[in-house]
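**Student:** Structure incoming, see below.
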Amino acid sequence: MASIEMCERLSSMAIIVNLVTYLVDTMHMTSASASNFASTSGGTSYLLCLFGGIVADSFLGRYWTIAIAAVIHAGGTCLLAISTALPNLRPPPCDPALSNKCVKANSLQMGIFTIAVYLTNIGMGGIKSSVPGLGTDQFDLKDAKESAQMARFFDRFHFVTNLGTLLAVTVLVYIQDEVGRSWAYGICAASMILAILVFVLGTKRHRHKKRFGTPILQILQVIVAAVMKRKTPFPSNVSALYEDPSQESIICHTDKFRVDSGTPNPWRLCTVTRVEKVKMLVKLLPIWATTIIFWTIHAQLASFSVQQAATMDRSIGKFQIPPASLYAFFVVAIIITLATLQKIGLGLFFSILGMAAAALVEKRRLLVVKANRGTVTTLPVSTFFLLPQFILVGIGEAFMLSGELDFFTINAPIGMKAISTGLYLTTTSFGMFFSTILVTILTNYTGRNGGDNWLPPSINDGRLDYFYWLLALLTLINLGFYILCAVRFIPNSTKIVTDMNGGIEMCERLSSMAIIANMVTYFVGTMHLPSASASNFASTSRGTSYLLCLFGGIVADSFIGRYWTIAIAAAIHAEWGTCLLAISTALPNLSPPPCNPALSNKCTEANSPQMGVFTMALYLTNIGIGGIKSSVAGLGTDQFDQKDDKEKAQMAHFFDT
């Protein structure tokens with residue numbers, strides 16, 4: 003399970019962080035368009051986590067959801083490798099003889115690239131929504147020993163996940179920049195395939211918890227019954243409410259969102275336990291909504307912040323740091339602080355500080371641009387000035403990740419773990435989508451009537467610092483709403499009578515982060531997309547991958563189980579997505595020609611086939627991410643008995659790791 007999640011992170015982040023640079027440099031998109039593509043992709047991937055959770059809880063089960071999503075993710079990554087490898091699947095380089103005139107990627111090139119990216123998003127949606135739930139299924143929380151083991155499981159789970167991310171934004175980003183994207187994506191695909199094999203080989207050792215019906219159908223039945231009985235008087239004695247004593251687990255009645263019962267028809271009468279499960283999900287929504295904007299800020303680190311780094315001095319002696327590798331400091335901040343920082347509110351607070359620092363640094367960078375305009379290619383200012391924004395937002399994510407995962411796991415109804423995990427991951431999805439919307443609005447409306455264009459094709463001509471200040475202000479307002487929701491939230495007091503019931507994850511993180519961290523630079527530098535376009539492409543890809551976690555969770559909990567969901571998603575991530583990504587970056591015909599110095603570095607944007615193959619590979623890895631991330635944590639918790647104090651403690655250590 004951990005291997006699936008790690009490889010999903012490895013592949014997905016390898017795509018995401020360098021997506022905008024590929025779209026701008028190779029596919030020749032504008033910065034705004036690339037940024038929106040990235041934001042939309044990222045948002046879709048996390049939104050798919052919700053659908054993954056529904057599929058897992060209602061149809062396939064977590065195991066099968068993870069397995070299928072992993073296969074899809076692997077396929078997407080393979081297609082991404084092919085897209086970046088074949089010259090015909092990307093536009094020719096910019097022509098220096100024509101002032102670096104660039105040809106944009108045509109429909110076929112963009113189509114193949116987009117398909118690949120969204121296949122990886124689908125895989126991500128299935129993986130991320132089911133992995134945590136399948137993990138918890140391995141433990142009996144009634145057993146003290148297994149409960150302790152589950153704690154250790156989550157310790158290890160978090161560790162290998164972030165290790166995958168760290169490898170993606172350092173090793174794989176370096177390979178993308180210095181060796182070739184197709185090689186990096188090929189490594190991602192191979193790691194996911196290996197993770198799938200490990201996952202499948204461990205099938206007999208996994209505990210597969212019994213599904214409690216079809217959660218999505220039960221939710222609809224409760225809603226329909228509540229509407230039909232909205233005028234029915236509530237009984238003075240709650241014991242008169244309908245309950246099925248044969249259920250393995252019974253939840254006591256609460257007076258929140260009260261409903262009554264009348265007949266045995268499930269569309270007219272639902273048990274108290276079923277009603278309470280739906281109410282438990284509804285209670286999560288205010289906290290869910292107020293965490294979305296954090297991921298909008300997070301999206302900027304993989305888009306505009308990487309573009310900032312590309313313009314600055316990145317040398318340490320004779321070694322040049324890849325722009326996307328600054329993401330490593332962000333990941334290190336998460337790993338260092340994860341064990342102690344648990345508050346969502348602090349995560350929002352640190353993200354505000356991160357954006358304020360980013361705005362101040364960008365203002366300084368623009369002054370250097372003005373003083374050296376037209377005289378230098380690399381600005382005489384160190385890229386390490388960008389570290390505060392990466393570190394502060396990284397600390398914020400440490401708070402946010404641990405806080406959100408604990409909140410949505412602890413308060414998840416029985417039988418709906420993958421759906422709850424998918425719901426939590428959709429905050430990332432909607433954050434990415436909001437980034438796309440915001441960038442599009444600012445691109446279209448700033449600069450009118452003689453004003454400054456905040457996000458022009460080149461960030462050196464814009465006011466990115468204004469954009470960062472806007473994000474800081476919006477997050478500050480959101481923090482106020484979050485505090486109101488947190489104060490009013492009442493933890494579940496319902497009593498559960500009976501059962502409450504990383505290698506894959508590391509490789510997923512390794513592959514995903516290797517893609518993500520350098521995606522913008524690849525789009526801008528190789529595919530010749532404008533900075534905003536590359537940023538949007540990267541954000542869209544990331545959003546899609548997390549959206550697919552919802553689908554992954556649905557498939558895992560409802561159909562094939564977490565184990566098979568992880569296995570299939572890992573296969574998709576590795577065999578299709580990462581491999582195609584490796585091929586796409588390796589073949590000259592799948593990327594546009596380099597910019598032509600004889601024509602003032604005129605660049606040709608990637609054509610449709612080039613963008614299409616790359617996008618297809620990228621989204622295949624996203625599909626794998628969706629399947630892996632939705633099920634790995636759940637499969638991990640499945641290994642511990644939460645009734646045993648020792649195993650419960652072990653599970654906590656598992657998630658820390």
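Going by my numbering, the sequence shown opens with residue 3, and the numbers climb by one from there. Yeah, the Cβ is synthetic: ideal placement off N, Cα and C, and Gly gets one too.
When you compare only the Cα positions, how much space is there between His530 and Phe201?
**Tutor:** Between His530 and Phe201, the C-alpha separation is close to 39 Å.
**Student:** Who are the Cβ neighbours of Ile198 in its own chain at under 6 Å, not counting the five residues just before and after it?
**Tutor:** The answer, listed in chain order, is Ala72, Ala569, Ala572, Ala573.
**Student:** At the level of alpha carbons, what is the spacing between Gly449 and Pro459?
**Tutor:** If I take the Cα positions, the gap works out to 12 Å.
**Student:** Look at the alpha carbon of Val119 and the alpha carbon of Phe525, and state the distance between them as a whole number of angstroms.
**Tutor:** Rounded to whole angstroms, Val119 to Phe525 spans 13 Å at the Cα level.
**Student:** With distances taken Cα to Cα, identify the nearest neighbour of Ile630 among Leu552, Ala358, Phe321.
**Tutor:** Comparing Cα positions, the closest option is Leu552.
**Student:** Specify whether the region 605-617 and the region 51-60 touch according to this definition: at least 3 beta carbon pairs, one from each stretch, less than 8 Å apart.
**Tutor:** No contact exists between the region 605-617 and the region 51-60.
**Student:** Leu473 lies in the alpha helix (DSSP H); which residues open and close that run?
**Tutor:** Counting along the chain, the alpha helix (DSSP H) containing Leu473 begins and ends at 466-490.
**Student:** Let me make sure I understand the geometry here. Which of Lys372, Ser422, Ile18, Thr313 has the alpha-carbon closest to that of Leu670?
**Tutor:** For the chain, the structure presents residues 3 to 659; residue 670 sits outside this window and is missing.
**Student:** Quick check on Val261: buried or exposed, where buried means 16 or more other Cβ atoms within 10 Å of its Cβ?
**Tutor:** Confidence is the limiting factor: at Val261 the pLDDT is only 46, short of 50, which leaves the residue's position unreliable and the question unanswerable from this model.
**Student:** Please classify Phe321: does DSSP put it in a helix, a strand, or coil?
**Tutor:** Of the three classes helix, strand and coil, the one that applies to Phe321 here is strand, per DSSP.
**Student:** In whole angstroms, give me the CA-to-CA distance for Leu348 and Ile485.
**Tutor:** Spanning the two alpha carbons is a distance of roughly 11 Å.
**Student:** Between Leu582 and Thr79, what straight-line distance do the alpha-carbon atoms span, to the nearest angstrom?
**Tutor:** Their Cα atoms are separated by approximately 5 Å.
**Student:** Quick check on DSSP: helix, strand or coil for Lys604?
**Tutor:** The answer is strand: DSSP assigns Lys604 an E or B state.
**Student:** Kindly list the residues whose CB is nearer than 6 Å to the CB of Phe469, restricted to its own chain and excluding five residues on each side of it in sequence; keep chain order.
**Tutor:** Result list for Phe469: Trp456, in chain order.
**Student:** Spell out the partners DSSP gives Met126 in its beta bridges.
**Tutor:** Ile625, per the DSSP bridge assignment.
**Student:** Using the three-state DSSP reduction, which class does Asp179 fall into: helix, strand or coil?
**Tutor:** Looking at Asp179 - three-state DSSP - the assignment turns out to be helix.
**Student:** How would you write the range of the beta strand (DSSP E) that Val383 sits in, first residue to last?
**Tutor:** Its beta strand (DSSP E) spans residues 381-384.
**Student:** Let me check understanding here. Comparing Cα to Cα, which of Ile346, Phe141, Glu148, Ala358 lies closest to Val489?
**Tutor:** Considering only alpha carbons, the answer is Ile346.
**Student:** Taking buried to mean at least 16 other C-beta atoms within 10 Å of its own C-beta, is Thr379 buried or exposed?
**Tutor:** Per the 10 Å Cβ criterion, exposed.
**Student:** Going by the beta-carbon positions, is the gap between Met2 and Val162 smaller than 8 Å?
**Tutor:** The chain is shown only over 3 to 659; residue 2 falls outside these bounds and no answer can be derived.
**Student:** Which residue wins for smallest C-alpha separation from Asp179, given the options Ile517, Pro594, Thr546, Tyr565?
**Tutor:** Cα-wise, what sits closest to Asp179 is Ile517.
**Student:** Can you say whether Leu287 is buried or exposed, counting buried as having 16 or more other CB atoms within 10 angstroms of its CB?
**Tutor:** So Leu287 counts as exposed.
**Student:** Comparing the C-beta of Gly78 with each C-beta of chain C, is any distance below 8 Å?
**Tutor:** Given the protein chain composition of this structure (a single chain), no chain C is represented.
**Student:** Please report how far the alpha carbon of Asn598 lies from the alpha carbon of Pro89, in whole angstroms.
**Tutor:** About 17 Å.
**Student:** Closest by CA to Gly527, which one among His30, Lys281, Gly135, Ser317?
**Tutor:** The candidate whose alpha carbon is nearest that of Gly527 is His30.
**Student:** Looking only at its own chain, which residues have a Cβ that is under 6 Å from the Cβ of Trp66, when we skip the five neighbours before and after it?
**Tutor:** So the list reads Phe561, Ile562, Gly563, Trp566, Thr567, once near-sequence residues are dropped.
**Student:** Applying the 10 Å Cβ sphere with the 16-neighbour rule, what's the burial state of Lys147?
**Tutor:** When all chains shown are included, Lys147 counts as buried.
**Student:** For Lys669, name the three-state secondary structure that DSSP assigns.
**Tutor:** This structure leaves residue 669 out entirely; the chain is present only between 3 and 659.
**Student:** Do Val522 and Ala540 count as a contact pair if the criterion is CB distance below 8 Å?
**Tutor:** Yes; because the gap between Cβ atoms is below 8 Å, this pair is in contact.
**Student:** Which residue marks the beginning of the alpha helix (DSSP H) containing Ala71, and which one marks its end?
**Tutor:** Per DSSP, Ala71 belongs to the alpha helix (DSSP H) from 64-87.
**Student:** Distance, Cα to Cα, Thr639 vs Ala414?
**Tutor:** The straight-line gap from Cα to Cα measures roughly 13 Å.
**Student:** So, is Ile479 buried or exposed, given that buried needs 16 or more other C-beta atoms within 10 angstroms?
**Tutor:** Answer is exposed; the Cβ neighbour count stays below 16.
**Student:** Pop quiz: Ser149 and Ala87 are said to be a contact at Cβ under 8 Å. What is the actual Cβ separation, rounded to whole angstroms?
**Tutor:** Not a contact, Cβ separation roughly 48 Å.
**Student:** Lys372 lies in the alpha helix (DSSP H); which residues open and close that run?
**Tutor:** Here the alpha helix (DSSP H) through Lys372 covers 346-374.
**Student:** According to DSSP, is Ser251 helix, strand or coil?
**Tutor:** Legend: pLDDT at Ser251 = 48, less than 50; position of this residue unreliable, no value from coordinates given.
**Student:** How far does the alpha helix (DSSP H) with Phe39 in it reach, from first residue to last?
**Tutor:** Per DSSP, Phe39 belongs to the alpha helix (DSSP H) from 33-57.
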